[in-house]
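Below is one structure, written out as C-alpha cells; the observations come after it.
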Amino acid sequence: MAHPSLDGRLRSIDSQRQQVLAHPLARSLDILEVRNHLLAVPARRFPSIRYAERQAGVPLLQPRGGTPIFEDQLRLTKMLSDAGADFIPLTIDSCTRHNQYDTAGQLLRRSEEAGKAFLNGYPLVCHGYELTRELFKGLDKPVSLRHGTPDARLLVEMAIGSGIAEIEGGGLCYCLPYSEGFPLDRALLYWQYVDRICALYSTPDRPIHRESFGPLSATLVPPVVVLVVELCEMLLSAEQGVQSFALSFGQTGSFIQDVAMAQVMRKLARELLHEHGFEAMQTRLVYHQWMGQFPMDQPRAAALIAGSALLAGAIDADKVVVKTVDEALGVPRAEANAEAVDTVRYVLRTFGVPSGLDSPHILAEADLIESQARHVMDAIFALSGGAFWESVYRAFQMGWIDLPFSPHSDNAGRLVSMRDGNRSIRILDPGHLPIKQFDLDRERILLSTRVDNETKAYRRMLADISLMV
Amino acid sequence: MGVIGDDIHTVGNRIMQLALEESQLRVFNLRTRNRPESFVQAALEVNAHAVFVSSLNGEGEHWCADFRQRFIEIGLPDVVLYVGGNVVVGTRPEPEVVELFKGYGFDRVYHQRPDIGAAIADLFEDLRTQSDQREHRRGPSFA
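Same order as they appear, the protein sequences are chains X and P.
Its first residue numbered 7, the first sequence is counted upward by one per residue in the working numbering.
Its first residue numbered 4, the second sequence is counted upward by one per residue in the working numbering.
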C-alpha cells in the first residue's frame with residue numbers, strides 16, 4: 007500500500023540543488039538573496055493573499071501571454087494589468103520547456119536583432135532572474151508561470167528568483183500532453199524537486215502557490231482522467247510540503263459536466279487531503295476556457311469566450327484562464343488579450359451568475375464521475391510499493407492513467423471517448439481504466455442518448471472535437 | 004503513417020489511424036516526431052502499400068524534399084505516397100503547395116483539407132491502380 011504521506015517527502019535536496027544551480031545560466035543565484043526578495047515584494051504577489059480577497063461568485067481573471075523580447079513582455083505585462091487582469095501570466099517558449107537553452111538563446115538574439123518574435127514565449131532562463139524581476143517592478147498582483155516543462159527544476163529556480171509566486175505544472179500534466187519521449191518517472195521525480203523548493207521558499211504568510219494543469223490534451227478527455235491526474239498531483243505536492251494549491255480543468259463542452267466536475271473536484275480534494283493528514287493545504291479551483299479547437303471567425307470566438315465566462319461564474323471558479331479571439335490564428339496579440347479580459351469581466355459583472363446550480367442530471371453526472379474517480383484512486387493507493395509517486399508511475403505504465411490524444415509514446419492510448427446527447431464526454435472503450443462494470447454500463451446508457459446519422463466513428467469523433475467551431 | 008519533423012501534434016494522427024482502421028486497412032502508426040528515414044525503414048519492414056505523411060506545423064516542406072527518391076533507393080518505387088495537414092509554414096496558394104509536393108514525388112497532396120474521407124476514397128483507387136501496375140510489370144503469373 008502506498009498512500010501519500012510525509013514519508014514521501016524528499017529529505018535533502020542540497021546536492022541535487024547544487025547541480026541544478028551550477029548551470030551557467032543560473033548566474034550564481036543565491037537562495038538567501040531570493041528569500042529576501044520574496045519578503046520584499048508586495049504581499050499581493052502571492053496568490054493565496056489575492057484569492058483570500060476574492061468576492062464569491064466572481065472568478066479572478068488570468069490571460070496567457072509570453073513573447074521573447076524583454077521590452078515587448080514588459081509592454082504586455084502593463085497592458086494586461088491595465089486591462090484588469092487579476093493574475094499576470096509569464097508564458098515560456100517551447101525551447102526552454104524542452105531544456106534547449108542554447109537554441110532559445112540563439113532565437114532570442116535573432117528576435118532582438120530582427121525586432122520580431124522567433125520564439126513562442128519568454129525565454130526566462132536565458133533572460134535570467136535579475137532582468138525578469140524588472141518586468142514586475144511595482145506590480146502588486148500575482149504572476150503565474152505558464153509553461154509545459156517535464157524537467158522544470160532550473161526554470162522554476164529562476165522563476166521564484168524573479169519573484170514569481172505561482173508555478174503551474176506537475177509530473178503528469180506537464181509531461182503527458184507536452185512530450186513525446188520524456189520518461190514519466192523522471193518527470194515525476196523532477197516535479198518532486200519543484201514542489202520541494204516551492205515549499206522551502208514558502209513562509210506561512212507568503213506561500214509559493216502551485217497549480218496543476220487539468221485541461222491535459224484538451225481533446226475529449228473524460229472527467230475521471232482529469233480528476234485522477236489533478237488529485238494525484240495535489241497529493242504529490244502536499245507530500246513535499248506545498249501549502250497552497252490549485253486544481254484545474256478545461257471547459258468540457260457540456261454545461262452539466264462542467265458543473266458536476268467542479269462539485270466533485272472540490273469534494274474529493276478536501277476529502278483526500280483530510281484522509282492523508284494534509285488538511286492544512288489550501289486548495290483553489292481554476293477553470294480554463296475552451297482549450298480545444300477554436301473558431302477562426304473572431305465574432306464567434308468572442309461569443310465562445312463570453313459563454314464560457316458565464317460557466318466560470320456558474321461553477322464559482324476561484325480563477326478563470328481566458329482565451330482570445332486570436333486563438334485559432336496563433337500567439338495572441340496583446341490587444342486581443344486585453345479585450346478578452348474585458349469581455350470576461352463584463353459578462354461576470356453584468357450577469358451576476360447564480361452558483362450552486364443543481365438538477366437531477368447534474369446530480370447523476372456528479373455521482374457517476376465521483377464513483378469512477380474514487381475507484382481509480384483506491385486502485386492506485388492499493389498498489390504495492392513504498393512510495394506514492396511510484397504507484398502513480400505504475401498506474402500510468404498499466405494504462406490506468408491513459409490520456410486520450412497524448413503525444414507521449416508510453417501512453418497506453420487504449421481509452422476511447424465520445425460525446426453523449428448532452429455533449430458530455432463519455433467513455434466508449436475504457437482500455438485498462440479500472441472502473442466498475444456498473445459505471446461503465448452507466449456510461450453506455452448515457453452514450454445511447456446521442457442521436458446522429460453518422461455511421462463512421464471517426465466522423466463522429468471529428469465532430470466532437472470540432473464542437474465549438 | 005506518421006507525423007514528420009519535430010511536430011508532436013497528435014490529434015489528427017490519431018483520428019486518421021481510427022479512420023483508416025475503420026476502412027478495414029491495416030495501419031502501422033509511427034505517431035509523432037519522425038525523420039524521413041523512419042518512414043522508409045518502416046515501409047520496408049511492414050511491406051507497406053501506402054505511406055501517409057502529415058505535418059501540422061509546416062515542417063513538412065523542409066523534410067519531404069526527395070521523399071520519393073528515398074523509396075526508390077531502398078527498392079520500393081511503387082509505394083503510394085500521400086502528404087497532408089498544414090504542410091507549409093505561412094499562407095500560400097494551394098495549387099503551388101500541391102505542385103511543390105508532387106515535385107517531391109507524392110501521389111496526393113492534401114493541404115488544409117478538413118475531410119479525411121476524400122483521402123481514403125482516393126487511396127482505394129490508387130491502391131487498385133498500383134496493384135494493376137505491379138501485375139502488368141510482372142507479367143501473367145501462369146505463363
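Note that CB positions come from ideal geometry on N, CA and C, so glycine has one too.
field: Own chain residues within Cβ distance below 6 Å of G319(X), not counting five before or after
entry: L354, V359
Under the three-state DSSP convention, the category N254(X) falls into: The residue asked about is misnamed: residue 254(X) is Ser in this sequence, not Asn. Residue state, collapsed to three classes: strand.
field: Through-space distance from G72(X) to V270(X), alpha-carbon basis
entry: 33 Å
message: With DSSP as the reference, identify every bridge partner of D435(X), one or two as the case may be.
response: V422(X)
Residues bridged to G88(P) [DSSP beta-bridge criterion]: S58(P), H114(P)
message: At a cut-off of 6 Å, would you count Q288(X) as near the ligand GTP, judging by its Cβ distance to the nearest heavy atom?
response: The model depicted lacks the ligand GTP and carries no ligand whatsoever.
message: Assuming contact is defined by CB atoms lying nearer than 7 Å, are P183(X) and S223(X) in contact in what I supplied?
response: yes
Three-state secondary structure assigned by DSSP to K325(X): strand
query: Just to confirm, are T461(X) and G427(X) a CB contact at a threshold of 7 Å?
result: no
Backbone CA spacing between V26(X) and C132(X) [nearest angstrom]: 15 Å
- request: Could you tell me how far apart the beta carbons of P213(X) and S250(X) are, in whole angstroms, since I believe they sit closer than 8 Å?
  value: 4 Å
task: Quick one: which residues of the stretch 9 to 41 of chain P get their C-beta closer than 7 Å to a C-beta of chain X? List them in chain order.
output: I11, T13, V14, R17, I18, L21, A22, E25, R34, T35, R36
message: Let's test the definition: count the other Cβ atoms within 10 Å of the Cβ of H65(P) and tell me whether it reaches 16, buried, or not, exposed.
response: exposed
field: With 16 other Cβ atoms within 10 Å as the buried cut-off, status of D458(X)
entry: exposed
Beta-carbon proximity of I368(X) to I262(X), cut-off 7 Å: yes
message: Within 10 Å of its beta-carbon, does S185(X) have 16 or more other beta-carbons around it, so buried, or fewer, so exposed?
response: buried
query: Grouping DSSP H, G and I as helix and E and B as strand, with all else coil, what is Q61(X)?
result: coil
- prompt: Is the distance from the Cβ of P95(X) to the Cβ of S150(X) below 7 Å?
  reply: yes
message: If we define contact as Cβ-Cβ less than 7 Å, is I75(P) a contact residue for chain X?
response: no
task: For the alpha helix (DSSP H) holding L452(X), just list the boundary residues, first then last.
output: 443 to 453
- prompt: Going by DSSP, what residues sit across from A97(X) in a beta bridge?
  reply: Note that residue 97(X) is Thr in the sequence shown, not Ala. According to DSSP, T97(X) bridges with R152(X).
- request: Let me know the secondary structure DSSP gives L291(X) once reduced to three states.
  value: strand
- request: Assuming L253(X) contacts E236(X) (C-beta within less than 8 Å), just tell me the rounded distance between them.
  value: 4 Å
message: Which residues in chain X have a C-beta closer than 9 Å to the C-beta of I119(P)? List them in chain order.
response: Y464, R465, L468
message: So, with DSSP's three-state summary, where would you put H104(X)?
response: coil
Residues bridged to V6(P) (per DSSP): S57(P)
message: I'd like to know if F411(X) contacts chain P, where contact means its C-beta is closer than 7 Å to some C-beta of that chain.
response: yes
message: Across the stretch 117 to 130 of chain X and the stretch 86 to 104 of chain X, are there enough close Cβ pairs to call them in contact, namely three or more that are closer than 8 Å?
response: yes
task: Tell me Q68(X)'s beta-bridge partners as DSSP assigns them.
output: V327(X)
task: Can you have a look at M302(X) and say buried or exposed, based on whether 16 or more other CB atoms are within 10 angstroms of its CB?
output: exposed
task: Please report how far the alpha carbon of A323(X) lies from the alpha carbon of A110(X), in whole angstroms.
output: 35 Å
task: Please determine if the stretch 26 to 43 of chain P and the stretch 428 to 445 of chain X are in contact, where contact requires at least 3 C-beta pairs separated by less than 8 Å.
output: no
query: By Cβ distance, which residues of its chain are closer than 7 Å to V232(X), with the 5 residues on each side in sequence left out?
result: G220, L222, F255
- prompt: At a CB-CB cut-off below 8 Å, which residues of chain P make contact with E186(X)?
  reply: I11, R34, T35, R36
field: Helix, strand or coil at A146(P) according to DSSP, with G and I counted as helix
entry: Interpretation of A146(P) is limited by its pLDDT of 46, a score under 50 that renders its predicted location unreliable; no figure is taken from the coordinates.
query: What residue does the alpha helix (DSSP H) around E186(X) start on, and which one ends it?
result: From DSSP, E186(X) is part of no alpha helix (DSSP H); its letter is neither H nor E.
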